[in-house]
Amino acid sequence: MTNRAFFLQRVNDHLRYLNNINQTLENDRCFEEHTHIGCFKGTGYTECNLGLWLYGAGSEEINALDNQTIKQQFDSLFEPHTRFHEVSKEAVKKRQNGDKPGAKILVAEMKEISNLLTSKMLELVTLLQKEGFV
């Protein structure tokens, strides 16, 4: 079973993702037509470390525990995680179309989703610890 450090690392990954998206959105050069400077423009929700775990080993690990409360908490991660990535792509698209204020609004939404996701992940690890699984 995955340990507490794993969950904390996934929280950190999403905070870095948010920071990287924000830096990209603030950098005008990232959106100039002929500039290819390697700006971070996000990943799909199944491609980040948390997504890889959610849709792979995590699902198997949680199902193997046969604990409905833990499974429900695990399942509650999917929607905000997916939405986080969708909103990041929307923010990049708005910025590419010249809508800086619209992109900033979406970054604020990403922060809210990130807080929710962090809370849900910490609740999951607390449940896992309470039941002696981590």
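Here the sequence shown stands for residues 1305 to 1438, where the numbers follow this note's numbering.
We treat Cβ as the ideally placed atom computed from N, Cα and C, and that holds for glycine.
Coil, strand or helix - residue i by DSSP
i	result
ILE1325	helix
THR1306	coil
LEU1381	coil
THR1345	Checking the sequence shown, residue 1345 turns out to be Lys, not Thr. Here LYS1345 sits in coil by DSSP.
THR1373	helix
ASP1403	coil
CYS1352	coil
GLY1362	helix
VAL1438	coil
GLU1337	coil
ASN1419	helix
ASN1331	coil
Nearest-angstrom beta carbon gap, residue j and residue i [assumed within contact, 8 Å]
i	j	result
ILE1417	ARG1387	6 Å
LYS1415	LEU1322	7 Å
ILE1325	PHE1310	The pair is not a contact, with the Cβ atoms about 23 Å apart (cut-off 8 Å).
VAL1438	ARG1308	6 Å
ALA1412	LYS1398	At roughly 13 Å, the Cβ-Cβ gap does not stay under 8 Å, so ALA1412 and LYS1398 are not in contact.
THR1347	HIS1389	7 Å
Neighbour flag for residue i against chain D, beta carbons, 9 Å
i	result
ASP1403	Among the chains of the structure shown, chain D does not appear; only one protein chain is present.
Would you be able to state if there are at least three C-beta pairs under 8 Å between the stretch 1409-1427 and the stretch 1355-1365? no
Give a yes or no on contact between the stretch 1320-1334 and the stretch 1357-1375, applying the rule of three or more CB pairs nearer than 8 Å. no
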